[in-house]
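Right, one structure below, let's go through it.
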């Protein structure tokens, strides 16, 4: 049971790291292009990168929710709390 909880925590930690990394690199840099209206920014490319970054963040959040659900389900079934 501890191994299952450990694996779930590792998955959540890795996805949280990727959420932070995607937000910090892709989205924050591209939002600065929109807010400062810099001439060297391609706004169409920035919009695509923001959508890709947000879709990856949503995917990692869904993975986290599924992992937490499966851990809670497994814990309640194995301990008899239903």
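Residue numbers (the working numbering): 303 to 384.
Cβ coordinates follow ideal geometry from the N, Cα and C atoms, glycine included.
These numbers come from a predicted model, not from an experiment.
In whole angstroms, what separates the C-alpha of residue 376 from that of residue 367?
As a first step, residue 376 is located in the chain shown; it is residue number 74 there, counting from the start. As a first step, residue 367 is located in the chain shown; it is residue number 65 there, counting from the start. If you take the alpha carbons of residue 376 and residue 367, they lie about 14 Å apart.
Rounded C-alpha distance that separates residue 321 from residue 379:
Here residue 321 refers to the residue found at position 19 when the chain shown is read from its first residue. Here residue 379 refers to the residue found at position 77 when the chain shown is read from its first residue. Computed Cα separation, rounded: 31 Å.
Roughly how far, in whole angstroms, is the beta-carbon of residue 355 from the beta-carbon of residue 307, given that I think they are within contact range, below 8 Å?
Here the question's residue 355 lines up with position 53 in the chain shown. Here the question's residue 307 lines up with position 5 in the chain shown. Rounded, the Cβ-Cβ distance is 30 Å, inconsistent with contact.
Close-in-space but distant-in-sequence residues of the same chain around residue 372 (CB under 8 Å, 5 per side omitted)
Taking the first residue of the chain shown as 1, we reach residue 372 at position 70. Cβ within range, chain order: 310.
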